[in-house]
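Here is the structure we will look at, set down as structure tokens.
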Amino acid sequence: MSNVKNYENYLKIFFITCLLLNAMTIITHIISLVVIFSIFRELTGLLMLITFTLNFLLIIINFQIINRKEKKGKRIKNILWIYLVFIIIAILFIFLYHISLGLINKPVPTCILILYFIGIYGIFIFGILISELNLLNL
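Per this note's numbering, the sequence shown starts with residue 324, numbered consecutively.
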């Protein structure tokens, strides 16, 4: 991250925003599991979409500004690749959950429910981790 001195304040604000939005998304999703109000669930879904988009922007920005020759840069780059692979797996978990909701007339099996929550929360926990690493390395 050596070539970002001119934009350091903007990047810091962006990383803090990503960190807070990822944390807010996790909290609001947990609350939306308990709350019956439909509008709260819709707003949680919108917040998830915004946060997911910012996480992709976070990945793109990181691939542009990371100095891969440094040890910290290599570590962040490897975590970003793991995150991209995890997103694909998490989307498959979420897809499996929704398919099982449509095909099974009984409650969803516990293992599929656990995979769903690992997928949903894992995406945003990775976003928190990457934002925190970026803030520490700025």
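We put the beta carbon where it would ideally sit given N, CA and C, even for glycine.
In this text the structure is predicted, and so the values were computed from the model without any measurement.
Comparing C-alpha positions only, which one of I417, E331, I448 sits nearest to N385? The residue labelled residue 385 in the question sits at position 62 within the sequence shown. That would be E331, whose Cα lies nearest to the Cα of N385.
Report the three-state DSSP secondary structure of R391 (helix, strand or coil). By 1-based counting over the sequence shown, the position of residue 391 is 68. Of the three classes helix, strand and coil, the one that applies to R391 here is coil, per DSSP.
Report the three-state DSSP secondary structure of L461 (helix, strand or coil). One-based indexing of the sequence shown puts residue 461 at position 138. Correct three-state label for L461: coil.
N-terminal and C-terminal residue of the alpha helix (DSSP H) that K335 is part of: Counting from one through the sequence shown, the residue named residue 335 turns up at place 12. It spans 331-357 - the alpha helix (DSSP H) in which K335 sits, taken as one unbroken run.
Is it buried or exposed, Y406, if we count other Cβ atoms within 10 angstroms and call 16 or more buried? Residue mapping note: residue 406 aligns to position 83 of the sequence shown, counting from 1. Buried is the call here.
Using the Cβ count rule (16 or more neighbours within 10 Å means buried), how would you classify I389? The residue you call residue 389 lines up with position 66 of the sequence shown. Buried: at least 16 other Cβ atoms inside 10 Å.
Close Cβ partners of H352 (< 6 Å) along its chain, the five nearest in sequence each way excluded: Taking the sequence shown and counting its residues from 1, the one referred to as residue 352 is at position 29. Closer than 6 Å at the Cβ level, and outside the excluded window around H352, lie T367.
Rounded separation between I463 and S423 - CA only: There is no way to answer for residue 463, as the model of the chain reaches only from 324 to 461.
Once DSSP output is grouped into helix, strand and coil, what is the label at V408? Position 85 of the sequence shown, counting from 1, holds the residue named residue 408. It is helical.
Going along the chain, which residues of its own chain have a beta-carbon closer than 8 Å to the beta-carbon of S454, five neighbours each way excluded? Within the sequence shown, the letter at position 131 stands for residue 454. The residues are F338, I339, C341, L342, N345, L381.
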